[in-house]
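Here's the structure, in structure tokens; my notes come after.
Numbering (this note's numbering), first residue to last: -10 to 232.
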């Protein structure tokens, strides 16, 4: 009788240990969602517990977010009011097939559009390389693009000019930029950004993550009133959507 009781207690203890072990990853995922740690992988169960609606929203720039931006994407002399910007939370399916936490800063005028677009992309499992504030890349456009980072706001000029970029207003988004580079051809010279994306400059080639007119991402952005840089004449900016 004692042996049987001991055996049953052992089984019960093993079951409780197993449940606790399964619960630990869920608790950690929920913690990452609560802290909104961009780039982290989270489970569908954690998203369900946290609430899908809370994973796709735009909110005013908090002090914590602004501290990351100040002196980087928001330099001294920035003429865009902090109150005009929004911090967008989004989930995305990474190239690895898992759900990741994403973030970007945009103008409040397009915040609702981006929330709707990225939620649909997530639900359709459209793959995105990563989505972090460009400040994590020292507000360097080239560094961020080389990392295939999707981003929006960065107070800077258009390359080679004294004109403010649409990114400086938070009205342009670059998506999967390594696979969709900006290509400039002038006087027989071709410039590709990022510089590491030359293999993806030939748009007649077949490769994954290429934005085209038939692409879901293209169709969603155009439906929300954005213009695609890939349709420009003098410059082909395949990663770029602006409003």
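Glycine included, each C-beta is placed from N, C-alpha and C at the ideal position.
No experiment lies behind these values; they were computed from the predicted model shown.
Return the chain-ordered list of same chain residues with a C-beta closer than 8 Å to the C-beta of residue i, the five sequence neighbours on each side being excluded.
| i | result |
| --- | --- |
| residue 34 | 15, 18 |
| residue 83 | 30, 89, 116, 117, 118, 119 |
| residue 113 | 205 |
| residue 131 | 182, 183, 184 |
| residue 224 | 171, 172, 173, 218 |
Could you check if residue i is buried or exposed, using at least 16 other CB atoms within 10 Å of its CB as the buried criterion?
| i | result |
| --- | --- |
| residue 133 | buried |
| residue 147 | exposed |
| residue 220 | exposed |
| residue 231 | buried |
| residue 240 | Since the first residue shown for the chain is -10 and the last is 232, residue 240 is missing from the structure and cannot be characterised. |
| residue 42 | exposed |
| residue 222 | exposed |
| residue 139 | buried |
| residue 78 | buried |
| residue 218 | buried |
| residue 161 | buried |
| residue 10 | A caution first: residue 10 carries a pLDDT of 48, below 50, which makes its placement in the model too unreliable to give a value. |
| residue 226 | buried |
| residue 22 | buried |
Confirm, please, whether the CB-CB distance from residue j to residue i is below 8 Å.
| i | j | result |
| --- | --- | --- |
| residue 94 | residue 74 | yes |
| residue 121 | residue 92 | yes |
| residue 200 | residue 189 | no |
| residue 228 | residue 125 | no |
| residue 107 | residue 45 | yes |
For residue i, which residues in the same chain have their Cβ closer than 6 Å to its Cβ, ignoring the five residues on either side in sequence?
| i | result |
| --- | --- |
| residue 143 | 62, 123, 128, 156 |
| residue 48 | 76 |
| residue 135 | 183, 185 |
| residue 50 | 71, 74, 76 |
Starting from the C-beta of residue i, find all residues in its chain whose C-beta is less than 7 Å away, skip the five residues before and the five after it, and write them out in chain order.
| i | result |
| --- | --- |
| residue 198 | 116, 165, 168 |
| residue 180 | 173 |
| residue 152 | 146 |
| residue 158 | 69, 96 |
### Task
Just list the alpha helix (DSSP H) runs in the segment 172 to 226, keeping only unbroken ones of 4 residues or longer that don't cross its boundaries, in chain order.
DSSP runs (the alpha helix (DSSP H)) wholly in the segment 172 to 226: 205 to 212.
### Query
Can you give, in chain order, each stretch of the alpha helix (DSSP H) that sits fully within the segment 22 to 50 and has at least 4 residues?
Positions of the alpha helix (DSSP H) runs, each at least 4 residues long and wholly inside the segment 22 to 50, are given as 33 to 39 in order along the chain.
### Message
To test your reading of the DSSP string, which unbroken beta strand (DSSP E) runs of 3 or more residues are found completely within the segment 43 to 95?
### Response
Taking only runs of at least 3 residues, the beta strand (DSSP E) segments lying wholly in the segment 43 to 95 are 46 to 49, 74 to 82.
### Query
Using 8 Å as the Cβ pair cut-off and three pairs as the minimum, do the segment 94 to 108 and the segment 202 to 216 touch?
Enough Cβ pairs lie closer than 8 Å, so yes.
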